[in-house]
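This report concerns only the one structure given below.
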Amino acid sequence: MSDAIKSANSKQNWPQNYANAASQAKDDRIRSFYQAGCPNPDTPIRDVPLLALDFETTGLEADYHSIVSIGLVPFTLSAIHLGQCWHQIVRPQLPLHQASVTIHGITHSEIEHAPDLEDVLDPLFQHLTGRIPVVHYRNIERPFLNVALQHRLGEQLRFPVIDTMAIEAHLHPNRNPSAWQRLRGQKPISIRLPDSRTRYGLPHYAGHNALIDAIATAELLQAQILHNFSPDTPIGDLWV
Amino acid sequence: MQAELLDIRNHIAQHAPFDEMPEELLERIVSGIEVSYYRAGTQILELHQQNTQLHYIRSGAIEIFRRSGELYNRLGEGDIYGQFGLLRNQKVRFPVKAIEDCLIYKIPLETFQHLWENDENFADFVEIEDHSRLRSVISRQQKSNELMSSKVTRLISRKTVSAPTTVRLQEAARIMTDHGVSALLLMDETGESPRLKGIITDRDLRTRAVTNALPSETPISEIMSEGLITISARSYIFEAMLTMLHNNVHHLPVMEGHEVRGVIALSDIVKYESQSSLYLVSNIYHQKNVLGLKKISRDVRDSFVRMVNEDANSHMIGSAMAGIGRSFSQRLLELGEEKLGPPPVPYCYMALGSMARDEQLVVTDQDNALVLDDSFIPEEHDGYFLALAKFVSDGLAECGYTYCTGDIMATNPKWRQPLKVWKNYFTDWIDNPKAEALLNSNIFFDLDGIHGETRFAEQLKDLIATKASASQRFLTFLARNALNRTPPLGFFRTFVLEEDGKHQKTFNLKRRGTAPVSDLIRVHALACGSRSQNSFERLQDIAKTKLMLGDDAGNLRDALEFISIVRIRHQAIAIEEGREPDNNVRPEDLSPFERSHLKDAFQIVSNAQKFLRFRYNAGGATRNV
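Just so you know, the protein sequences line up as chains A and B, in that order.
Position 86, counted from 1, in the first sequence is what my numbering calls 203; the numbers after and before it change by one each time, with no gaps.
Position 291, counted from 1, in the second sequence is what my numbering calls 321; the numbers after and before it change by one each time, with no gaps.
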């Protein structure tokens, strides 16, 4: 059994933070999000409603790049509900680079007809509220969402996430072989989403879009918990 | 359905019964899916647990068990399970366990029922299941048995030890000792490249050289065995096992063309599957008397159950059981000769029926006969052969092979006759066929010489192969008899539906299942001049001719395999539960899986019977299906 995943965020008193933030929130949606509350850190992961979340963006810097599409799927440790999944293309504020277009497979005309993020905040918050987001690599979804919210609503959303990449990093602390080990042919262990999935016998998805990546992330978390933790592992040991 | 879920849709759409489904149904499936991950070793469904979802294996593999805990089936990527419970009361009827890490797509009951009502293919698939599905089930079962999936070359662990045929006895023994081998291959080196000529084994050295006190300078070619039985390097281990069982040899050279790749010994296979039927066979030959044989005959059933649990196919189990029966007979004949002295004239001991066909199971009686040399003089010699026949027959009965109720045994003077009389018997059966007489002599058309002058039996096989195919009348009568026994018409959860509309609580899987199949295969086999005895081998011979249409031979093979396996499992379960095994089955004892596949198999048999009637002009009452 692995011990806790650590970050500056993990030790925060999230239920208290939510309660405080609810009283200060200006936007109704943000207030409802906080009012729905946050589970206590000792809640077993099996009892926590989760939301796998993936953004496709025009680049890696939240301050310079924009969200192009959002994929999400509500799930629990025992079931991922494809019937409740949601995928939305949004119009980025900044020009879409040719390179990102080919990666995401989203065309200019799709983007031209897409709504602004602000127009889809209602359904996005409906999904987020009452669930702990699960992402692969925490430095995309949370910062990009906050820059976008700050820009449109003038406030931000503070919440813990479970990062399946951080879990893999934690499980493979020595994933980068030393010069000596490299010389002897040892390969670094990749913690990218597809490579991590392969280690758990999860299938390869040919498509590349925010929704299938969100589903892939949800499946990966199920596998990670069952292999390395337990359904009884407290959520506080996992979120960052 | 979201376009972004195409990956999931496409995977499902590749696999039956979803592969021909309209788009709207596929979309409905995808948008209802719940995904769950299971680690290898996890119990996915418990017996009697409530389950309201059809499971689709996206990746990984699972095992399905019977109520008794016995392994029932293995499924992998693209397969579905759980449908049988969904069709009835949403209670799990077969526990399921992950044997690899699995990703499962779960389809809710509501969608399942919608598909069931709106897609005929789907409904058929989850309930009726056709013969191609029968085939995939059978090939999957065979893949799971290592003996059937591993090549014989895997057992070759050392370099072949050989010597020229010109070496002397002492030199040969020294080579064997130096290399620590139990068999030495002897090569004819007079040609361009050395050719395998013979073999000498430890046992040969003991029985032929030491016992007869041969001088150490004796040329090895005088005592080596020639006309070797070999096996191709492309064969599977179970084929090597069948060859050893059938020919009672303990060493098999593995050949690649004319080149020897190595030698495998009985002990190699025994090691591979400890306590195998081969081990039992070798033990039979070590027994000194009937009492010893009787003692080890108790292991026959264990060996049978073990093979069933190891997923052996029916050909393998049938051959192994026949091999064991043959070994008991052979050992009893050896003991009989020890007791009564050498035979006054040469003879051949024949096995008939299921033993000759290599299709013996555990519930079996003895069918045998003696073919004597034509120099046989009844007044002088029959006393000996009657005593020998009686010794063997009583011995077999002690070992669990009950006396034949039809008195087809060598103890019956009618079936203890010189070769020329036997030839007359067969000529008469074939040239002047009478329905009644043929019904009783059917069994003689499955024959195998197992001891003594086996060439007598070969001569009878020659006679049958040439004469039978030329006599339309004989084939017509034989076909008519083969239609006497029919498979059940319908097959339901608690009863069998007969042609006259009656419901039966039980039915006989031999009389209504395997026997009609082997009967009709025999007719085609004799019509095409096949010399094979085993039904599967006969089917291979038949398939090479145009006697049957399309892949009918292949379908019949699958049907026979499935019916046989159900029958075999039924008997194995009885043995495990301490009951006396039999052939009477109640449909409710079968799993829905077995029931639905049996239905398919019986349909194939029924069609094959209709074709037989037509092909050999066998007329008679036709059953309308």
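Glycine included, every Cβ here is placed at the ideal spot set by N, Cα and C.
Taking C-beta atoms as the reference points, A:S186 and A:I206 count as a pair closer than 8 angstroms.
B:E150 and B:Y86 have their C-alpha atoms spaced approximately 19 angstroms apart. Using a Cβ-Cβ cut-off of 8 angstroms, A:N326 counts as an interface residue toward chain B, since at least one Cβ of chain B sits closer than that to its own. If you check each beta-carbon in the region 49-73 of chain B against every beta-carbon of chain A, the ones closer than 9 angstroms belong to V60, S61, G62, I63, E64, V65, S66, Y67, Y68, R69, A70 and T72. Assigned with DSSP and collapsed to three states, B:G62 falls in helix. Of all residues in the region 255-276 of chain A, none has a C-beta nearer than 7 angstroms to a C-beta of chain B. Of all alpha-carbon atoms in B:L365, B:I354, B:I134 and B:G292, the one lying nearest the alpha-carbon of B:T183 is that of B:G292. If you draw a 10 Å sphere on the C-beta of B:R387, you find 16 or more other C-beta atoms in it, and that means buried. When beta bridges are read from the DSSP output, B:R198 appears opposite B:P249.
The C-alpha of B:R609 is placed about 9 angstroms away from the C-alpha of B:Q601. Within the same chain, R208 come within 6 angstroms of A:D233 by CB-CB distance, once the 5 residues on both sides are set aside.
Rounded to the nearest whole angstrom, the C-alpha separation of B:M206 and B:Q113 is 60 angstroms. A straight line joining the alpha-carbon of B:N637 with that of B:L590 spans about 13 angstroms. Not one beta carbon of chain B lies nearer than 8 angstroms to the beta carbon of A:I279.
Beta-bridge pairing by DSSP links B:A153 to no other residue. Only residues of its own chain outside the window of five on either side were considered, and among them L167, A169, H198 and A335 have a CB closer than 7 angstroms to the CB of A:F192, listed in chain order. Each of B:N319, B:R104 and B:H144 was checked against the Cα of B:L117, and the nearest Cα belongs to B:H144.
Looking at the DSSP output, B:G106 sits in a beta bridge with B:A91.
Spatial neighbours of B:F507 in its own chain (CB-CB distance under 6 angstroms, excluding positions within 5 residues in sequence) are listed in chain order as P463, A465 and L468. Residue pairing by DSSP puts B:S255 in a beta bridge opposite B:I229. Closest in alpha carbon position to B:F475, among B:G559, B:F268, B:T82 and B:L235, is B:G559. When secondary structure is reduced to three states using DSSP, A:H204 falls in the strand class. Going by C-alpha positions, B:R96 is about 36 angstroms away from B:T435. B:N613 and B:E93 have their alpha carbons spaced roughly 27 angstroms apart.
Counting only Cβ-Cβ distances below 8 angstroms, B:R599 has no contacts in chain A at all, with the closest Cβ about 31 angstroms away. Looking at the backbone, the Cα of B:D109 and that of B:A381 are separated by about 44 angstroms. Taking all protein chains in view, the Cβ of B:E624 is crowded by 16 or more other Cβ atoms within 10 Å, so the residue is classified as buried.
The beta carbon of B:C429 is closer than 6 angstroms to those of L323, K324, S327 and F358 in its chain, skipping five residues each way along the sequence.
For the region 181-200 of chain A, the set of residues with a beta-carbon nearer than 7 angstroms to any beta-carbon of chain B comprises G188, S195, A196, I197, H198, L199 and G200, in chain order. Residue-level contact by beta carbon fails for A:E285 and chain B, as no gap is shorter than 8 angstroms.
Against chain A, the CB of B:L145 has no partner CB under 8 angstroms away; the residue lies outside that interface. Cβ atoms of A:I329 and B:E34 come within 8 angstroms of each other, at about 6 angstroms. Distance check between B:I593 and each of B:L620, B:N564 and B:A631 places B:A631 closest, using alpha-carbon atoms only. The beta carbons of B:T195 and B:D218 sit closer together than 8 angstroms. Taking A:C202 as reference, the option from A:A125, A:L189, A:L262 and A:Q210 with the minimal CA-CA separation is A:L189. At the C-beta level, B:R446 and B:V392 stay beyond 8 angstroms of one another.
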